[in-house]
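Below you'll find the structure, written out as structure tokens, and then a few comments.
2 protein chains.
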Amino acid sequence: MTSKYDRIAADLRRMIDAGELAPGQKMPSETVLLGKYNVSLLTMRRALAVLEASGVIEKRHGVGNFVRKARARVTRTTERYQWEKDRALLPESKRRSTGATERDTGLTKDDLSFQAHYSVIEADEELAGVFKAPVGTRLLKRTYRTETGDDSAPIALSASYLPYEIVAANPKLLDAANEPWPGGTHHQLRTVGVEVDRIVDEVTARPPFPEEAEQLGIDAAGVSVISLRKISIDTSGRVVDVADVLLSGDRTQLVYTTQLNRWPTDRPSTKGSKRK
Amino acid sequence: MTSKYDRIAADLRRMIDAGELAPGQKMPSETVLLGKYNVSLLTMRRALAVLEASGVIEKRHGVGNFVRKARARVTRTTERYQWEKDRALLPESKRRSTGATERDTGLTKDDLSFQAHYSVIEADEELAGVFKAPVGTRLLKRTYRTETGDDSAPIALSASYLPYEIVAANPKLLDAANEPWPGGTHHQLRTVGVEVDRIVDEVTARPPFPEEAEQLGIDAAGVSVISLRKISIDTSGRVVDVADVLLSGDRTQLVYTTQLNRWPTDRPSTKGSKRK
DNA sequence: GAGTGGTCTAGACCACTGT
DNA sequence: CAGTGGTCTAGACCACTCC
């Protein structure tokens, strides 16, 4: 036996899927629905809460409940990484022109606002493990917040950790006032003789913490975040950067391309130990 | 001004973070907490609902509320793809031994149960777009459900679409009774002369639909799913397989490694248009 | 059967948004 | 100010789990 609110939620959902309630459209007020389904206010609100939690509707205090529109997704591709690396070799004027975020969003630099904050911390157990360094190793922590100008909803929150001993060789790297640095992290590392060889992305998904939801501008509930840990490894095998990036799940799509090695060509393709 | 239930939720969360309530531990009963905070039952339950939605606690009807333990994550790496491809060249006995899921989980084949279902469908607009084929193109749809023997919670739900015209060349590929096919999809495609050149993964995150939550064995709320679309492209540039994989967010970690091209070595690494 | 969480009601009052 | 959603109470009754 399912509960009343579940049945009501399912019914409303069906109506939405069937297009009887279109995306962006305002739903009947709660008091109206309450009468239609003959339930108490709380039960009605519970049904709506279910829909909100699954991201189907959006509640706006004092205004109404609305069928949620799919939000435009920003695609973040792997090619971005090679592009970022190559950019570090360009002359400053070109490096200065655009960064990786602009490239992914298609927006120009003026459309984006950017905040950076630097501090020096000591590695806790978890970070030390990633860097394969002792606990307490000094790290330069940089936090960023990238947001689009018009939407005001941040695209990503991120924190990057660099081994202090490596970056301290260039004092300019320790000052947040030099952000956004033309040419990005690859160029920054280049000034201290570091070349990134490969990047490992670890991707997980989870519900956001309250503060995260707020910072990412996720007003409505029912949204997940993608937690991306990006680990940069240099040509000598050292971990030179660990970046934790938090992306709004319904606004982001990650794209990874894996190139596979070719099979040896010495035999025809139809073969195998079965049949024939 | 925050609400009572928000403050209570924050307080309980603090206690959990501080370790006053340990993971796996049973929380005080709702009636006890209700007295401690001097609120009505509904308010207390709302506070707990907040924690449940953020995945902090787990409610068990008739038993109690429990602090949630972090679930062990299964890591799914990109190297898997190359490994899967190479496996298609092995003799049948070796192909038969293990599949990719076993490799990722470290479990043996006997620990896993496996269900496959085949059908022929016509491409809708969305799938047709991915295949760059006309709407209505016939596709072989294969749905899979992989679960661990002991846990009974499925690891992944997936659906794979193959162009019917390509796979029909080998009638054995049209019969689900041949699953699990030794050597996997790469070997299946090999029997019809197809070699996969690269794989594009599109990753998004969202709250699960009710049925999905049930099928993935997500009893508690407060979990996200990772939606992964894996597109296989063959050596001639055709899309030969589109697989939609649904992974439980708190049990999965995706790992992607991106190898970067080296910078030209004709110049010393410390340089750039700035300083020195 | 005792103890726990799950559903539901009726009604009061507050807070936000728009005109 | 009217209309909307947000919070909260007190209390009833049901459903599940375990002893």
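Residue numbers (the numbering used here), protein chains in the order written: chain R, 1 to 276; chain Z, 1001 to 1276. Even for Gly, the Cβ is constructed at its ideal location relative to N, Cα and C.
Sort out for me which residues DSSP pairs residue i with in a bridge.
i	result
residue 1157(Z)	1145(Z) and 1246(Z)
residue 64(R)	60(R)
residue 1017(Z)	None, per the DSSP bridge assignment.
residue 226(R)	205(R) and 247(R)
residue 253(R)	75(R)
residue 120(R)	140(R)
residue 258(R)	1199(Z)
residue 1008(Z)	DSSP output for residue 1008(Z) lists no bridge partner at all.
residue 278(R)	Lying outside 1 to 276, the shown extent of chain R, residue 278(R) is not represented and no answer is given.
residue 1115(Z)	1145(Z)
residue 1172(Z)	DSSP, once it has assigned bridges, lists no residue as partnering residue 1172(Z).
residue 1069(Z)	None; residue 1069(Z) has no bridge partner.
With a threshold of 16 other CB atoms inside 10 Å of the CB of residue i, please say whether the residue is buried or exposed.
i	result
residue 92(R)	exposed
residue 167(R)	buried
residue 1150(Z)	Legend: pLDDT at residue 1150(Z) = 48, less than 50; position of this residue unreliable, value from coordinates given subsequently. When all chains shown are included, residue 1150(Z) counts as exposed.
residue 1020(Z)	exposed
residue 1002(Z)	exposed
residue 52(R)	buried
residue 94(R)	exposed
residue 15(R)	exposed
residue 1136(Z)	exposed
residue 1022(Z)	exposed
residue 60(R)	exposed
residue 1031(Z)	exposed
residue 169(R)	exposed
residue 222(R)	buried
residue 165(R)	exposed
residue 271(R)	Its pLDDT being 43, under 50, residue 271(R) is placed unreliably in this model, and the coordinates cannot settle the point.
Grab the span of the beta strand (DSSP E) containing residue i for me, first residue to last.
i	result
residue 1167(Z)	Counting along the chain, residue 1167(Z) falls outside any beta strand (DSSP E), though it belongs to the alpha helix (DSSP H) covering 1164-1167.
residue 1205(Z)	1196-1206
residue 1135(Z)	That residue, residue 1135(Z), is in no beta strand (DSSP E); it is neither H nor E in DSSP.
Give me the chain Z residues within the contact set of residue i, using Cβ-Cβ distance strictly less than 7 angstroms, ordered along the chain.
i	result
residue 83(R)	Residues of chain Z passing the Cβ test: none, with the nearest at roughly 10 angstroms.
residue 259(R)	1198
residue 224(R)	1205, 1206, 1207, 1224 and 1249
residue 89(R)	1263
Looking at the unbroken alpha helix (DSSP H) that takes in residue i, where does it start and where does it end?
i	result
residue 189(R)	184-190
residue 32(R)	30-37
residue 130(R)	125-131
residue 95(R)	92-97
residue 1089(Z)	No alpha helix (DSSP H) contains residue 1089(Z), which DSSP labels as neither H nor E.
residue 46(R)	41-53
residue 212(R)	210-215
I'd like the list of long-range same chain contacts for residue i, defined as Cβ closer than 8 angstroms, with 5 residues on each side in sequence excluded.
i	result
residue 73(R)	250, 251, 252 and 253
residue 259(R)	none
residue 1241(Z)	1160, 1161, 1162, 1185, 1189, 1196, 1230, 1231 and 1232
Tell me which residues share the same chain as residue i and place their Cβ nearer than 6 angstroms to its Cβ, disregarding the 5 neighbours each side in the sequence.
i	result
residue 1247(Z)	1156 and 1226
residue 1005(Z)	1043, 1046 and 1047
residue 220(R)	Residue placement at residue 220(R) cannot be trusted, given a pLDDT of 49 that sits under 50; what the coordinates show is reported in the next sentence. Correct list, in chain order: 58.
residue 1152(Z)	Unreliable positioning characterises residue 1152(Z) in this predicted model, as indicated by a pLDDT of 47, which lies under 50. A coordinate reading is not provided.
residue 118(R)	142 and 176
residue 194(R)	234 and 240
residue 1200(Z)	1231
residue 1081(Z)	1199
residue 1075(Z)	1253 and 1255
residue 1071(Z)	1250 and 1251
Which residues of chain R have a Cβ atom closer than 8 angstroms to the Cβ of residue i, listed in chain order?
i	result
residue 1171(Z)	Result: empty, since nearest Cβ-Cβ is about 10 angstroms, beyond 8 angstroms.
residue 1055(Z)	206 and 207
Tell me which same chain residues have a C-beta within less than 7 angstroms of the C-beta of residue i, skipping the five on either side of it?
i	result
residue 1190(Z)	1088
residue 1224(Z)	1205, 1206, 1207 and 1249
residue 1188(Z)	1173 and 1181
residue 256(R)	78
residue 1262(Z)	none
residue 33(R)	44
So residue i contacts chain R; which residues on that side make the cut at Cβ distance below 9 angstroms?
i	result
residue 1064(Z)	In chain order: nothing, as chain R lies at least about 21 angstroms away.
residue 1256(Z)	78, 199, 200, 201, 202, 203, 254, 256 and 258
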